[in-house]
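Reading through the structure tokens given below for one structure.
Number of protein chains: 2
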Amino acid sequence: MSGLSIGQVADRTGLSVHTLRFYERQGLLTQPVRRGSAGHRVYSEDDVDWLGVCIRLRASGMPLTDIRRYTDLVRAGQGNEVERLEVLREHRERVLAQMHELDECLQLITHKVAVYEGRLGLRDNVTDCALP
Amino acid sequence: MSGLSIGQVADRTGLSVHTLRFYERQGLLTQPVRRGSAGHRVYSEDDVDWLGVCIRLRASGMPLTDIRRYTDLVRAGQGNEVERLEVLREHRERVLAQMHELDECLQLITHKVAVYEGRLGLRDNVTDCALP
DNA sequence: GTTTGACCTAGAGTCGGCTCTAGATTCTAC
DNA sequence: GTAGAATCTAGAGCCGACTCTAGGTCAAAC
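These protein sequence lines are chains A and B, in that order. So for the first sequence, the working numbering puts the first residue at -8; every next one is plus one. So for the second sequence, the working numbering puts the first residue at -8; every next one is plus one.
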């Protein structure tokens, strides 16, 4: 219930106060952030929760413009669930593709690591082959 | 054996000719690219293979400066395997961390997708809860 | 009553990673 | 031999996502 200052939200989310203001300007919040006495931002728990979602989406590579589009849909309220679903499904596909790519990279690295360990005698039975 | 033009390498790797020249300037190639008669670049199969490695490393989020550092080690030749190993292991940790993050994001998205599908009646038995 | 620290706005600056331009040269096909 | 495509260099430009600065307000602690 409380109402949190921008500094408190920064502490909780790990975003800087700069970034919090920046995200607000970019329209990443579902409601305009409430203001207290002196025009200071007062964040609700819901705001913080939503920021958590944004952080996850960013961490998974969604560009700010897309997060904004999604936020716009949520802000608009009920009636656009189909569009929201579309955004989410599309992003899920991208995330899956990204995981797949990471996995391929991981195999490459793991292989190289094994080969170097073999070379250095840190490990036996490694079939050494073309490098690098 | 052949020797490939920059255009051919662009086709094969999916990088643009601009990017290929840029990567070269950034020192991402283990050998200076051979030049033909008129000063045109002539890439070897090894160059293309190495570019493939760079592409993988980039795709997994390694910054150009780190790829460059690693390339420098490879270019320097034998004797620095320990350092190469260190670079690779560090990157592997980052990749694993990134996969973990992606997985968490995937769970969030999948959950939201399920809830919206439930709301839209596309699916039954979904325990609807706090959204967005 | 003044100093300290958190906050405000508007706007400028930075950084990574490309991407493009200009102006010149060279190769390829007719 | 000439038009059109591909290449070259050097350097400028762009975009996304922050990050910081300047100049100011305000509350609380000393």
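Cβ coordinates follow ideal geometry from the N, Cα and C atoms, glycine included. All values derive from a computational prediction rather than experimental measurement.
Looking at residue j and residue i, is the spacing between their C-beta atoms short of 8 Å?
{"i": "valine 86 of chain B", "j": "leucine 111 of chain A", "result": "no"}
{"i": "leucine 76 of chain A", "j": "glutamate 84 of chain B", "result": "no"}
{"i": "threonine 21 of chain B", "j": "threonine 62 of chain B", "result": "yes"}
{"i": "arginine 80 of chain B", "j": "valine 104 of chain A", "result": "yes"}
{"i": "glycine -2 of chain B", "j": "arginine 59 of chain B", "result": "no"}
{"i": "arginine 49 of chain A", "j": "glutamate 95 of chain B", "result": "no"}
{"i": "leucine 42 of chain B", "j": "threonine 101 of chain B", "result": "no"}
{"i": "serine 35 of chain B", "j": "glycine 68 of chain B", "result": "no"}
{"i": "valine 24 of chain B", "j": "arginine 32 of chain B", "result": "yes"}
Going by the DSSP bridge assignment, what does residue i pair with across the sheet?
{"i": "leucine 132 of chain A", "result": "Any property of residue 132 of chain A remains undetermined from this structure, which presents chain A solely from -8 to 123."}
{"i": "arginine 25 of chain B", "result": "B/Val33"}
Tell me whether residue i is buried or exposed, calling it buried when 16 or more other Cβ atoms sit within 10 Å of its Cβ.
{"i": "glutamine 89 of chain B", "result": "buried"}
{"i": "aspartate 40 of chain B", "result": "exposed"}
{"i": "aspartate 119 of chain A", "result": "Reliability of the predicted coordinates at aspartate 119 of chain A is poor, the pLDDT of 49 falling under 50, and no value is obtained from them."}
{"i": "serine 28 of chain B", "result": "exposed"}
{"i": "valine 73 of chain A", "result": "exposed"}
{"i": "histidine 91 of chain A", "result": "exposed"}
{"i": "serine 51 of chain B", "result": "buried"}
{"i": "aspartate 38 of chain B", "result": "buried"}
Can a CB atom of chain A be found closer than 8 Å to the CB of residue i?
{"i": "glutamate 92 of chain B", "result": "yes"}
{"i": "alanine 29 of chain B", "result": "no"}
{"i": "tyrosine 107 of chain B", "result": "yes"}
{"i": "arginine 60 of chain B", "result": "no"}
{"i": "glutamate 74 of chain B", "result": "no"}
{"i": "valine 8 of chain B", "result": "no"}
{"i": "valine 39 of chain B", "result": "no"}
{"i": "leucine -5 of chain B", "result": "no"}
{"i": "arginine 3 of chain B", "result": "no"}
{"i": "leucine 79 of chain B", "result": "yes"}
Between residue i and chain B, is the shortest Cβ-Cβ distance under 8 Å, so that the two count as touching?
{"i": "isoleucine 100 of chain A", "result": "yes"}
{"i": "alanine 50 of chain A", "result": "yes"}
{"i": "valine 117 of chain A", "result": "Legend: pLDDT at valine 117 of chain A = 49, less than 50; position of this residue unreliable, value from coordinates given subsequently. Judged by the 8 Å Cβ criterion, valine 117 of chain A is not in contact with chain B."}
{"i": "glutamate 36 of chain A", "result": "no"}
{"i": "valine 24 of chain A", "result": "no"}
{"i": "cysteine 45 of chain A", "result": "no"}
{"i": "methionine -8 of chain A", "result": "In this predicted model, methionine -8 of chain A has a pLDDT of only 48, less than 50, meaning its place in the structure is not dependable; the value taken from the coordinates is given anyway. Chain B contact via Cβ: absent."}
{"i": "leucine 97 of chain A", "result": "yes"}
{"i": "arginine 16 of chain A", "result": "no"}
{"i": "leucine 19 of chain A", "result": "no"}
{"i": "arginine 110 of chain A", "result": "yes"}
{"i": "valine 33 of chain A", "result": "no"}
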